Structures are given as structure tokens and as C-alpha cells.
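As C-alpha cells, the structure follows; a few thoughts come after it.
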Amino acid sequence: MNKFLCFFVCLLAISASAQKKPTYWQQHGNYTMDVKMDVKAYRYKGTQQLVYTNNSPDTLRKVFY
419 MNKFLCFFVC
429 LLAISASAQK
439 KPTYWQQHGN
449 YTMDVKMDVK
459 AYRYKGTQQL
469 VYTNNSPDTL
479 RKVFY
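Heads up: the sequence shown begins at 419 in this note's numbering, then just goes up one per residue.
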């Protein structure tokens, strides 16, 4: 009985792991920032570069960050 129960549990675990995973696309962004800080004037000045990789088949019209 214990062997059967162990076999059944293993079979369920294998079956559950073999289920089709939902399809999604991992997006990736690389940020580079060059910021100068003026402590006396409480100001920041700088540039930022974002390289964004869209791995989905859809065209992105906007990117929010």
C-alpha cells in the first residue's frame, strides 16, 4: 500500500510539472545615468540612457519607468 501511495504521489508530481506553462516574454532594460549634484542649490543635472529589449511579438508604443 505504501509503495502504491508513493508511486501515485510521484506520478501526480511529474504530471503537475509537465503541464504547459503560460507563455510570457521576459523584458529587459539597461539603465545608464550620469548625474551631477549641486548641494548648495539643491539641484540635479544629468543624462540617462535606457536600452530596452522587447522580447514579445507585440510592438510597444509606450514604456513607463
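Ideal Cβ placement from N, Cα and C applies to all residues, glycine included.
Computed from a prediction, not measured in an experiment: that's the story for all the values here.
Per DSSP, residue 478 is not a residue of any beta strand (DSSP E), being assigned neither H nor E. Counting only the Cα atoms, residue 480 lies some 11 angstroms from residue 470.
Look at residue 458 here: in three-state DSSP terms it is coil, with no helix or strand label. In the three-state scheme derived from DSSP, where H, G and I count as helix and E and B as strand, residue 448 is classed as strand.
Beta bridge pairing from DSSP links residue 468 with 449.
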